[in-house]
Each structure stands twice: as C-alpha cells, then as structure tokens.
C-alpha cells in the first residue's frame, strides 16, 4: 500500500477537466485508489466522487493506493498534479 | 404577459453582445416518474433496459463530442468528456442496479440515485463545484429520455431570428444552436462558469443565464431583447426600446465590422512604420481561423500538443504529418516551428522516460535541455520539420536556450540530421532559417553573441518575466508581482531588440505581452519587428498600430527607459496618443 498527501496547486482546483483527467488516468491502472479529504473518502476512478470532493486550490488530498502497480499509479498521480493538469 | 411591455429580467451576463429577436421556447422535459414495483422474474430485464439506455446515451454523446470538436476547440469537448465519464461512473451504476434488484423500476431508480448525487453537490460551499450538479442533472435527463423514449422538442424549427429560452441548456443543445446560427439565448439556471456559458463565449453568441423564471414567463414568438453585456433581457419591448437597442447593436456591429475591415490592411503606423503580425497556434485546426483573422504567418507553432495527444513519443511520421497540414495551408506565409518545450516530468508521466521527480520543473530538465539529453526525441522532430520544409516556408526555433553552448549543440545535431537526409536523397529547404527563443535572462544578457549565430530571435515574455522577476507564474501568492512594465523587463526587451538589430536580424515577440493591445505602442516604440499573437487578438493589435505615430511612441518608449519607478512608466503610458 502507498500513501501520499498532495496539495492541489492548480488555480481552479480539481474542477471538471482536471477531475476528468485524473479519473481517465486512474482507470488505466489496476490498483484501487482512494482519495481522502477531511473525513470524506472517494474512489479516484469515479468522476462524481472526485468532483464532490470540491477540492479547490490549496486543499490537501490523501491518496491511498493498493495493488500490483501502485508505484506507477502514484507516479502518474504526482505527474498530473505537478503539471497542474496542463493548465 | 397580457399587454405588459418592457419587462426586465436580470440575470448573469454569460456572453457579451446584444440581440433582438423572437423567443423560441425549449420546453423542459417533464417525465412522469412513478415508482413501480418490478416482479422478481423481470428485474434482470429491467437492468438490461437501463443498460441499453446508458449505452444509447453514450453513443449520442460520442456524436456530440465529434461535432463539438468540429466547430469548437478541444477545451469545449472536455465538457462532453466529463459527461461521458459520469455515464461510466461505476458507483452510480452500482447504486441504480441495487435499487432495481430490490424491485424498483429503472426510471425511478435512476431518479433516486441522481437526486442523491445532486444533493451531495448542493451541500458544497464553493460555487464552481456546486454548479457541477448541472452536469449530473444533464446526464440523468439524457439517460431518462432514452429510457422512456420521449423525444425532446426538436431545435430544427429554429430560424435565424430566434432567441432560445430554456430552463437549462445542455452542451449538446448549445452546439445545435450554433449550427442554426441563432441570435442568442437565455436560461433560468446556470452561472458564469456553467458549461453552457463557457460554450456561448466560444461561439460569440450573446447570452444571459441565471434568470430564474424566464422560461415560465416567455412564450414562443414573443419579441425579446437580450443584453449579454449587462446580463439582462427585456420581454415584449416597446418599439421605442427596440429602436434604442437596435442603435446600440448597430454601434457594436460597426465596431466588429471595423475590426474585420482591418483584416487585409497592413500593420502600419500612421507615419508608415511597418511591422508584421503573426499568430500563435497549437494545432493544425487553427490555421483556417488565423488566416481569416488576417495573420500573415505563424510566429509560434507550439509542438507540445503533438506529444500530449499520444501515449508514446511521437515518431518522425507523426511530426511530419502535422507540419505538412500546417505548412501547406499557410504557404506562402512562413511558419515558425518551435521544437518541443516540455518538461521531463510530462514525458515521465507518459511512461516514456525514467526521470527523477523534479522539485522545480521550471528550472529543470525542460525544452532544449531535455532534447539535448535525449537526442532521439529531438532528431525525430527535426527530421519531421526538415522534410516538411520542402513543402513551404518553415523557420526553426529552439526554446529555452540559455547560452551559446546549447545553441551550438542543437545546431550540431541539426547538421547531422541534414547530412543523413542528404544521404537518403530526401529533399528539404537548405536555407531554412534558424532562430531561438529569448526567454532565459542569461541569453538576453549575451544577446549580442547569440544574434551573430542565428537568423532571428523571438522574445518569450511569459517565461522571461517569470525568470527575471523570480516569480512562479502559477503561484497565486506572488502572481501580483508579475509585471510586464517592470523597468527591468522593459530594459531587457529594449536590449534584445537593439542588439539583434545591430547584428542585422529581426526580432519577434510571442508571449502574452505581444497580444495585449495595451502594450502595443510601447513595443512598436522599442522597434519590435514581428508580433505573434493569438488569433482573436490580431485585429485588436493591428488597430492600435494603425492609430499611432511611430515617432510619438518611440519618444515615449525612450522616456520610459529612463524611469526606474513603475508609476512614472504608467504615467507615460497614459500620455501616448491613440488617434
């Protein structure tokens, strides 16, 4: 299992387009990915969960990744956030 | 509406412009949602019915997606993409299936689940995120209409004078509207960031959203004025009010026409100082639009898009294909192709390179640095560019050059690629011009030396400002310090232009500063030769150029260079006369 806290740094936060990018990327990996924000937990492979997180700029998200390709999955997640979702 | 005239409804201005026309009311689809008990033996069939409706909706959305791609750019298609992902949401699907398994009919199960999701969106404090419930609603409605097989009133009967009024418009509706070229639209719900508003802005159709009750007040055929600037509409206006608005509309129309007229006129000051206006593009699709707007070349073709849209590093063939599409359409105008400006993190994300995580990607392995470290990526791109150069006028540009070493190393690789092509008897333009972006302060400082080894330079102001002022462009905490009029920036720009001219080469600018008409006079005053700007800014920049005297702005620019205080610079800006 991998855990990582990431701060949302793009201007608009995880709005529809970045949320879609995240979900689409996650579905390429086998691992299960949970996102925790405050007491809220959602599945990173489901768009409505990700959007209802309402993760605006500066929110802290904890990713919990479980599965055979968890390293690659985490790497992909970090890449997306680092690139600010190509904003 | 009995005899009541001039009823004003205030909403939210979603897309600017004024229109007068006749109401076309798009009815809310009202479904009869009855809770029915489904016998246990047909519950599987009921699940299949739901599945069919979802699949049908998916197919319809895919068609919309393609259509949007045709008429608008990719960003808008993302909206439909979000809808497709909502359809694919497995937790929603599980919840609906569970309800059906417990004996609830598909329609009601769908309604219950969507309703629950919408309520969780409504609990969100942030406006933007809360509004996304509309997307969920849209998708729910689409599935529902496929479940009950009810057809929505068709927009086919719309005509050119129509102003569409609806409770809400889905992106699909909005695109159909565009195909019909209606005059405007107004909706009960939605905010400034609702997807419909975003699409309306892209289509340049006046629109007002968030009018709350308009769809229950207006009737098809009513006369209506829509004011997308103020965010209000007037139902059943009196002839006097219509006349007033028509006047306002004419003024706006004339302004737009005036900008259009500039299309074929040269970018030249009143005292005949000529410059060139080129366009920035990301994608071959944009070529038509930039030519329509009067661009006489492409000053910056960003090639990153070719990388973004692929899961593997693009091949020589991938490059060539894109460049040919652009170059053939642009001929005889020149196209400046910038070799890829990507960070290693992006390529690592694509699983293409094994690059360590970078703390500071803007100062990291990016652009030419990446290409020199991984020459295969670079060579494939250079081969594509060179091969395309046989079909039109291409100029090659390197990004992020920080000194002579990188420039010479890049040229060495280019020379090798050329030799290979000659051996293979492949044709290319032997005289293709080579230039560099000037966006790293060290390159700007030794511009005299660089200018002697290239055919042109282009100032990338976005990065130059970021690096000179040490401001991370995407960091909100320091964004207010980002300032193109900082005396240091002005001196850098002037130095780059003067010393390049001394070496006998031309200077272009392709950052956002070049496309902002506010800065146009000062850039002309500094002696900039080429402006490379986004398509819609071409006429605006040209209009300013055609309304100033070079002698005036040159004097003002010289004055500005003496200033060390930003306020003095701003004062001089206000004295520049736009005729």
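Chains as they are written, first to last, in the numbering used here: chain A, 1 to 87; chain B, 1001 to 1579.
Where a beta carbon is used, it is the ideal one built from N, C-alpha and C, also for glycine.
Can you give the Cα-Cα distance for residue i and residue j, rounded to whole angstroms?
i                       : j                       : result
residue 1119 of chain B : residue 1134 of chain B : 11 Å
residue 1031 of chain B : residue 1109 of chain B : Legend: pLDDT at residue 1031 of chain B = 46, less than 50; position of this residue unreliable, no value from coordinates given.
residue 12 of chain A   : residue 6 of chain A    : 15 Å
residue 1433 of chain B : residue 1248 of chain B : 49 Å
residue 1116 of chain B : residue 1298 of chain B : 50 Å
residue 1573 of chain B : residue 1140 of chain B : 53 Å
residue 1523 of chain B : residue 1532 of chain B : 12 Å
residue 1064 of chain B : residue 1435 of chain B : 42 Å
residue 1541 of chain B : residue 1294 of chain B : 12 Å
residue 965 of chain B  : residue 1047 of chain B : Because chain B here runs from 1001 to 1579, residue 965 of chain B falls outside it and cannot be looked at.
residue 1213 of chain B : residue 1008 of chain B : 12 Å
residue 1537 of chain B : residue 1312 of chain B : 34 Å
residue 1567 of chain B : residue 1525 of chain B : 19 Å
residue 1389 of chain B : residue 1080 of chain B : 37 Å
residue 1409 of chain B : residue 1372 of chain B : 7 Å
residue 42 of chain A   : residue 53 of chain A   : 8 Å
residue 1307 of chain B : residue 1479 of chain B : 28 Å
residue 1368 of chain B : residue 1319 of chain B : 17 Å
residue 1136 of chain B : residue 1322 of chain B : 36 Å
residue 1001 of chain B : residue 1237 of chain B : Residue placement at residue 1001 of chain B is poorly supported in this model, since its pLDDT is 41, which falls under 50; the coordinates are not used for a value here.
residue 20 of chain A   : residue 1163 of chain B : 32 Å
residue 1415 of chain B : residue 1067 of chain B : 43 Å
residue 57 of chain A   : residue 1413 of chain B : 42 Å
residue 1405 of chain B : residue 1552 of chain B : 40 Å
Do residue j and residue i count as a contact pair if the criterion is CB distance below 8 Å?
i                       : j                       : result
residue 1519 of chain B : residue 1271 of chain B : no
residue 1265 of chain B : residue 1546 of chain B : yes
residue 74 of chain A   : residue 50 of chain A   : no
residue 1500 of chain B : residue 1200 of chain B : no
residue 1341 of chain B : residue 1400 of chain B : yes
residue 1026 of chain B : residue 1218 of chain B : no
residue 1512 of chain B : residue 1461 of chain B : yes
residue 16 of chain A   : residue 1093 of chain B : no
residue 68 of chain A   : residue 30 of chain A   : yes
residue 14 of chain A   : residue 55 of chain A   : yes
residue 10 of chain A   : residue 71 of chain A   : no
residue 1397 of chain B : residue 1459 of chain B : no
residue 986 of chain B  : residue 1310 of chain B : Coverage of chain B is limited to positions 1001 through 1579, which leaves residue 986 of chain B absent and any answer about it impossible.
residue 1233 of chain B : residue 1166 of chain B : no
residue 1521 of chain B : residue 1544 of chain B : yes
residue 46 of chain A   : residue 1090 of chain B : yes
Comparing alpha-carbon positions, which option in the options lies nearest residue i?
i                       : options                        : result
residue 59 of chain A   : A/75, A/67, A/40, A/73         : A/40
residue 1489 of chain B : B/1232, B/1578, B/1438, B/1266 : B/1438
residue 1453 of chain B : B/1554, B/1502, B/1480, B/1005 : B/1502
residue 1482 of chain B : B/1128, B/1414, B/1464, B/1088 : B/1464
residue 1097 of chain B : B/1069, B/1068, B/1045         : B/1045
residue 1190 of chain B : B/1529, B/1245, B/1011, B/1257 : B/1011
residue 1339 of chain B : B/1321, B/1219, B/1094, B/1379 : B/1379
residue 1146 of chain B : B/1060, B/1223, B/1101         : B/1060
residue 1267 of chain B : B/1530, B/1553, B/1233         : B/1530
residue 1280 of chain B : B/1274, B/1310, B/1534, B/1005 : B/1534
residue 1284 of chain B : B/1310, B/1227, B/1335         : B/1335
residue 1329 of chain B : B/1492, B/1393, B/1083, B/1449 : B/1393
residue 1287 of chain B : B/1319, B/1324, B/1186         : B/1324
residue 1496 of chain B : B/1528, B/1521, B/1485, B/1426 : B/1528
residue 1579 of chain B : B/1269, B/1183, B/1086         : B/1269
residue 1058 of chain B : B/1086, B/1070, B/1493         : B/1086
residue 64 of chain A   : A/19, A/82, A/26               : A/26
residue 1228 of chain B : B/1204, B/1251, B/1244         : B/1204
residue 1326 of chain B : B/1395, B/1374, B/1275         : B/1395
residue 1039 of chain B : B/1184, B/1103, B/1494         : B/1103
residue 1255 of chain B : B/1539, B/1551, B/1124, B/1570 : B/1539
residue 1515 of chain B : B/1055, B/1426, B/1484         : B/1484
In chain order, what are the residue ranges of uninterrupted alpha helix (DSSP H) at least 4 long that sit wholly in the stretch 28 to 53 of chain A? Listed in chain order, they are 47 to 52.
Is the stretch 1357 to 1364 of chain B close to the stretch 1288 to 1305 of chain B, with three or more CB pairs under 8 Å? Short answer: they don't touch.
Is the stretch 32 to 47 of chain A touching the stretch 1007 to 1024 of chain B in the sense that three or more CB pairs, one from each, lie closer than 8 Å? With a cut-off of 8 Å, the stretch 32 to 47 of chain A and the stretch 1007 to 1024 of chain B do not count as touching, because too few Cβ pairs lie within range.
I'd like the ranges of any alpha helix (DSSP H) spanning at least 4 consecutive residues and lying wholly in the stretch 1466 to 1545 of chain B. The stretch 1466 to 1545 of chain B contains these whole alpha helix (DSSP H) runs: 1487 to 1502, 1512 to 1515, 1520 to 1526, 1538 to 1545.
If we count Cβ pairs, one from each stretch, closer than 8 Å, do we get three or more for the stretch 1415 to 1433 of chain B versus the stretch 1383 to 1393 of chain B? With the cut-off at 8 Å, the stretch 1415 to 1433 of chain B and the stretch 1383 to 1393 of chain B touch.
With a threshold of 8 Å, are at least 3 pairs of Cβ atoms found where one atom belongs to the stretch 1442 to 1452 of chain B and the other to the stretch 1401 to 1418 of chain B? Yes: at least three Cβ pairs fall under 8 Å.
Secondary structure, beta strand (DSSP E): runs of 3+ residues fully inside the stretch 1098 to 1169 of chain B: Look at the stretch 1098 to 1169 of chain B and you find these whole runs of beta strand (DSSP E), each 3 residues long or longer: 1162 to 1166.
Enumerated in chain order, which unbroken segments of the beta strand (DSSP E) with a length of 3 residues or greater are wholly contained in the stretch 1292 to 1343 of chain B? Entirely contained in the stretch 1292 to 1343 of chain B, the beta strand (DSSP E) runs reaching 3 residues are, in chain order, 1298 to 1302, 1335 to 1338.
Completely contained alpha helix (DSSP H) runs for the stretch 1341 to 1412 of chain B, where each covers 4 or more residues: As for any alpha helix (DSSP H) of minimum length 4 sitting wholly inside the stretch 1341 to 1412 of chain B, the runs are 1344 to 1349, 1367 to 1373, 1375 to 1388, ordered along the chain.
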